[in-house]
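K.L.:
Structure below; questions to follow.
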Amino acid sequence: MKPIRVLVIDDEGVICDACRMVLSEKGYGVDHCLTGTAGLLAVESGAYDVVLLDMKLPDIDGSEVLKAVRNKTSAPCVIVMTGYSTMSNAINAMKLGAADYLPKPFTDDELLAAIEKTCAHR
Amino acid sequence: MTSPTRFENYFFVFRDIIRSMHSSTNLKEVLDVVVTKSAAVLNAKGSLLRILNKKTNQFEVRAACGLGERYLSKGPVTTEKLVADPSEFHKVKIINDIWHAPRIEYPQQAWDEGIRMIVDVPLSIKDQMIGLIRIYLAQAREFSRDELDFIITVAEQCACIIERVQLMENQQAQFSHLATQMEKLSSLGRMAAGVAHEINNPLTGVLLYSSNMRKKVPPGGYLEESLNIIIRETQRCKKIIQGLLEFARDGQPQKVLSNINDVIENALSIVSNQFRLRFVQVEKNLTEDMEKTLLDISQIEQVFVNLLLNSLHAVNENGRVTVHSVVNRAQNRVEVEVADNGCGISPEAIEKIFDPFYSTRTDGVGLGLSVSYGIIQNHQGDIQVFSEPGCYTRFKIALPILL
Numbered sequence: 001m002k003p004i005r006v007l008v009i010d011d012e013g014v015i016c017d018a019c020r021m022v023l024s025e026k027g028y029g030v031d032h033c034l035t036g037t038a039g040l041l042a043v044e045s046g047a048y049d050v051v052l053l054d055m056k057l058p059d060i061d062g063s064e065v066l067k068a069v070r071n072k073t074s075a076p077c078v079i080v081m082t083g084y085s086t087m088s089n090a091i092n093a094m095k096l097g098a099a100d101y102l103p104k105p106f107t108d109d110e111l112l113a114a115i116e117k118t119c120a121h122r
Numbered sequence: 123m124t125s126p127t128r129f130e131n132y133f134f135v136f137r138d139i140i141r142s143m144h145s146s147t148n149l150k151e152v153l154d155v156v157v158t159k160s161a162a163v164l165n166a167k168g169s170l171l172r173i174l175n176k177k178t179n180q181f182e183v184r185a186a187c188g189l190g191e192r193y194l195s196k197g198p199v200t201t202e203k204l205v206a207d208p209s210e211f212h213k214v215k216i217i218n219d220i221w222h223a224p225r226i227e228y229p230q231q232a233w234d235e236g237i238r239m240i241v242d243v244p245l246s247i248k249d250q251m252i253g254l255i256r257i258y259l260a261q262a263r264e265f266s267r268d269e270l271d272f273i274i275t276v277a278e279q280c281a282c283i284i285e286r287v288q289l290m291e292n293q294q295a296q297f298s299h300l301a302t303q304m305e306k307l308s309s310l311g312r313m314a315a316g317v318a319h320e321i322n323n324p325l326t327g328v329l330l331y332s333s334n335m336r337k338k339v340p341p342g343g344y345l346e347e348s349l350n351i352i353i354r355e356t357q358r359c360k361k362i363i364q365g366l367l368e369f370a371r372d373g374q375p376q377k378v379l380s381n382i383n384d385v386i387e388n389a390l391s392i393v394s395n396q397f398r399l400r401f402v403q404v405e406k407n408l409t410e411d412m413e414k415t416l417l418d419i420s421q422i423e424q425v426f427v428n429l430l431l432n433s434l435h436a437v438n439e440n441g442r443v444t445v446h447s448v449v450n451r452a453q454n455r456v457e458v459e460v461a462d463n464g465c466g467i468s469p470e471a472i473e474k475i476f477d478p479f480y481s482t483r484t485d486g487v488g489l490g491l492s493v494s495y496g497i498i499q500n501h502q503g504d505i506q507v508f509s510e511p512g513c514y515t516r517f518k519i520a521l522p523i524l525l
């Protein structure tokens, strides 16, 4: 079976690397981008099942990236990550089409659970 | 031109006193006018005005004229000495024999000062004696009815202005306290949003690596134990930031018309287990005809959970916590009181109790009450604390009934 492919979009290299390690150990295929622009390009070209998206990016606002990703045909599911973990942020992200919401910081199990739950609903 | 009559003199003194009351916001200036003018018109050697300091229960000199430094330096007078008999509170007291009057504390000094007769005029508001004008005469003489009427009227005017100024000072102190409190909260809120992102990002790396690594180390060893500590402490940081973010939350609370008793019941059920485990009883006395108010239910519930847990921490096993709700129709608000008979709060701690990050518990973050304060402010309400160390603590919350 083809592995599930995950794209991490976060401007923090450490977070991208950590997610890649956790997810690839479980057999996911993982790529990452450090900006919103690069992330949108990657979504365009690659066939990703899940996007792990940070809401605060240096170039484009995370919610704009989220909208753009969700507008694509055969759009991947988006799990939103943010440091501003308030209920209204979570609700806003869901309204914009996010599949799930991961308040930073999170453990490896929380990350895996979110990805698994999202893939199960695909 | 004839010299002014005695009544004209009285009139001029009144005019001067009233003018100073209107033109000056400085109480000291007004009191100076009162003592000098009234001493002059009564041909007295001097006069002294004392005001009761409610904190120390002493009558402190606030204005004086015609008296030597040595006499003045005798310091404040205690209430007990001044008014041994409460029935004399409102009476003018004429003392001809300064040697044998119980309320004269320093007869020798008074005598040396050349004082032979003293007239005490109380400054009273309603049933309370708030001060005293003492008039010193160099020789004993009769006081006419007019003179007494005059000095009583001066005292009445004077008492009014003292009360007005004290009220104003109290309000000013309360407002400035409130303003600092709000300023602290709002600057903290602004800071919190920035800090939250900056700190949560590095914490994400720490938590992902450490939680992942925990699975790769031999179970039960010191490595696993160390990683557990790293994970636990990281999650503690997360919780602190979460608390901070409560301040930074955008917009107003999501208020719906609700019965605050239901919110209290909910909060009680959330904490009931913790109370049971420590054998602490909660006595609730919630009014049946509660008015509905506009509340953000989850926020107000958070406030009560907070107060209840604070009470639980304050009491010993078998302590008592009470929750009481009433409708205050006169002030058009609902009031809830959470009280305990626990360890109480020291006066120093009570000053800082709503400050962010102030905690007396080693395991406390110190955000519970400041978050609660912010929530109640956002409901246009009021939260107050009353406590007596070793006896009790009462938190009183008032929320407006909006018509």
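Just so you know, the sequences run in chain order A and B.
Per my numbering, the first sequence starts with residue 1, numbered consecutively.
Per my numbering, the second sequence starts with residue 123, numbered consecutively.
Quick reminder that beta carbons are idealized off the backbone N, C-alpha and C, glycines included.
Note that the structure is predicted; figures quoted are calculated from it, not measured.
Can you tell me whether DSSP reads A:ALA113 as helix, strand or coil?
P.N.:
Helix at A:ALA113.
K.L.:
Can you pull the chain B residues whose beta carbon is under 8 Å from the beta carbon of A:LEU111, in chain order?
P.N.:
Per Cβ cutoff of 8 Å: LEU330.
K.L.:
By Cβ distance below 7 Å, which residues in the same chain neighbour B:PHE476 in space, the five residues on each side in sequence not counted?
P.N.:
Cβ within range, chain order: GLN303, LEU491, SER492, TYR495.
K.L.:
What residue range is occupied by the uninterrupted beta strand (DSSP E) comprising B:ALA520?
P.N.:
B:ALA520 -> beta strand (DSSP E) spans 514 to 522.
K.L.:
Are the C-beta of A:ILE15 and some C-beta of chain B separated by less than 8 Å?
P.N.:
Yes, A:ILE15 lies at the interface with chain B (some Cβ there is under 8 Å from its Cβ).
K.L.:
Suppose contacts are defined by Cβ-Cβ distances below 8 Å. Is B:SER246 in contact with B:ILE255 by that definition?
P.N.:
No, Cβ-Cβ distance for B:SER246 and B:ILE255 is not below 8 Å.
K.L.:
Given that B:ASN322 touches chain A, what residues does it touch there, using C-beta distances under 7 Å?
P.N.:
Chain A residues near B:ASN322: GLY83, LYS104, PRO105.
K.L.:
Using CA coordinates, which residue listed in B:PRO511, B:ASN428, B:HIS501 is at the minimum distance from B:PRO469?
P.N.:
For B:PRO469, the nearest C-alpha among the options comes from B:PRO511.
K.L.:
In terms of residues, what are the limits of the beta strand (DSSP E) holding A:THR82?
P.N.:
Looking at the DSSP string, the run of the beta strand (DSSP E) that includes A:THR82 is 77 to 82.
K.L.:
Going by alpha carbons, who is nearest to B:GLY464 out of B:GLU457, B:GLU305, B:ARG442, B:GLN288?
P.N.:
Ranking the options by Cα distance to B:GLY464, first place goes to B:ARG442.
K.L.:
So, helix, strand or coil for B:LEU189, using DSSP?
P.N.:
If DSSP states are grouped into helix, strand and coil, B:LEU189 belongs with coil.
K.L.:
Please classify B:ASP154: does DSSP put it in a helix, a strand, or coil?
P.N.:
Helix, per DSSP.
K.L.:
Excluding sequence positions up to five away, which residues of its chain have a Cβ less than 7 Å from the Cβ of A:ALA75?
P.N.:
Result list for A:ALA75: VAL69, in chain order.
K.L.:
Using a Cβ-Cβ distance under 8 Å, would A:LYS95 count as near chain B?
P.N.:
No, because no Cβ of chain B sits closer than 8 Å to the Cβ of A:LYS95.
K.L.:
Give me the chain B residues within the contact set of A:ASP59, using Cβ-Cβ distance strictly less than 8 Å, ordered along the chain.
P.N.:
What A:ASP59 touches in chain B: nothing, since even the nearest Cβ is about 16 Å away.
K.L.:
Assign B:VAL460 to one of two classes, buried (16 or more other C-beta atoms within 10 Å of its C-beta) or exposed (fewer than that).
P.N.:
Buried: at least 16 other Cβ atoms inside 10 Å.
K.L.:
How would you call A:VAL78, buried or exposed, if buried means at least 16 neighbouring beta carbons within 10 angstroms?
P.N.:
Looking at its Cβ environment, which holds 16 or more other Cβ atoms inside 10 Å, A:VAL78 is buried.
K.L.:
With a CB to CB cut of under 6 Å and the five nearest residues on each side skipped, what residues in its chain are close to B:GLY373?
P.N.:
At B:GLY373, the pLDDT of 49 sits below 50, so the modelled position is not reliable; the number obtained from the coordinates is stated separately. Here the set comprises nothing.
K.L.:
Smallest Cα separation from B:ARG286: which of B:GLN499, B:VAL425, B:ASN148?
P.N.:
The option with the nearest alpha carbon to B:ARG286 is B:ASN148.
K.L.:
Consider the Cβ of A:ALA38: report whether some Cβ of chain B lies at a distance smaller than 8 Å.
P.N.:
No, A:ALA38 lies away from the interface with chain B (no Cβ there is under 8 Å from its Cβ).
K.L.:
Please go through the same chain and pick out, in chain order, the residues whose beta-carbon is closer than 7 Å to the beta-carbon of B:ASN388, but skip the five residues on each side of it.
P.N.:
Closer than 7 Å at the Cβ level, and outside the excluded window around B:ASN388, lie GLU423.
K.L.:
Please classify B:PRO324: does DSSP put it in a helix, a strand, or coil?
P.N.:
Helix.
K.L.:
Spell out whether any CB of chain A is found under 8 Å from the CB atom of B:HIS319.
P.N.:
At least one chain A Cβ lies under 8 Å of B:HIS319.
K.L.:
In whole angstroms, what is the alpha-carbon distance linking B:GLU320 and B:ASP418?
P.N.:
Each residue's Cα considered, the two are about 29 Å apart.
K.L.:
Could you tell me whether the Cβ of B:GLY464 comes closer than 8 Å to any Cβ of chain A?
P.N.:
B:GLY464 does not count as touching chain A.
K.L.:
Here's the rule I'm using: 16 or more other beta-carbon atoms within 10 Å means buried, otherwise exposed. How should B:LEU430 be labelled?
P.N.:
With 16 or more Cβ atoms within 10 Å of its Cβ, B:LEU430 is classed as buried.
K.L.:
Under 8 Å, do B:ILE283 and B:MET143 count as touching if we go by C-beta distance?
P.N.:
Taking 8 Å as the Cβ cut-off, B:ILE283 and B:MET143 qualify as a contacting pair.
K.L.:
Buried or exposed: A:PHE106, going by 16 or more other Cβ atoms within 10 Å of its Cβ?
P.N.:
When all chains shown are included, A:PHE106 counts as buried.
K.L.:
Have a look at B:SER481, B:ILE352, B:VAL241 and flag the residue whose alpha-carbon is nearest the alpha-carbon of B:ASP271.
P.N.:
It is B:VAL241.
K.L.:
Please list the partners that B:LYS360 has in chain A, where partner means a Cβ-to-Cβ separation under 7 Å.
P.N.:
Those within 7 Å of B:LYS360 in chain A are PRO105.
K.L.:
Based on the DSSP secondary-structure assignment, which residues constitute the bridge partners of B:MET251?
P.N.:
In DSSP, B:MET251 forms a bridge with B:SER246.
K.L.:
Please check if any C-beta of chain D sits within less than 8 Å of the C-beta of B:ASN350.
P.N.:
Absent from the structure: chain D. Protein chains present are A and B.
K.L.:
Using only CA atoms, which one of B:VAL183, B:ALA260, B:ARG184, B:LEU189 lies nearest to B:ILE217?
P.N.:
Checking every option, the nearest Cα to that of B:ILE217 belongs to B:ALA260.
K.L.:
Among residues of its own chain, excluding the 5 on either side of A:LEU112, which ones have a beta-carbon nearer than 8 Å to its beta-carbon?
P.N.:
So the qualifying residues of the chain are VAL22, LEU23, LYS26.
K.L.:
Since B:LEU459 is in the beta strand (DSSP E), which residue starts that stretch and which ends it?
P.N.:
Note on residue identity: the sequence assigns Glu, not Leu, to residue 459 of chain B. B:GLU459 -> beta strand (DSSP E) spans 455 to 462.
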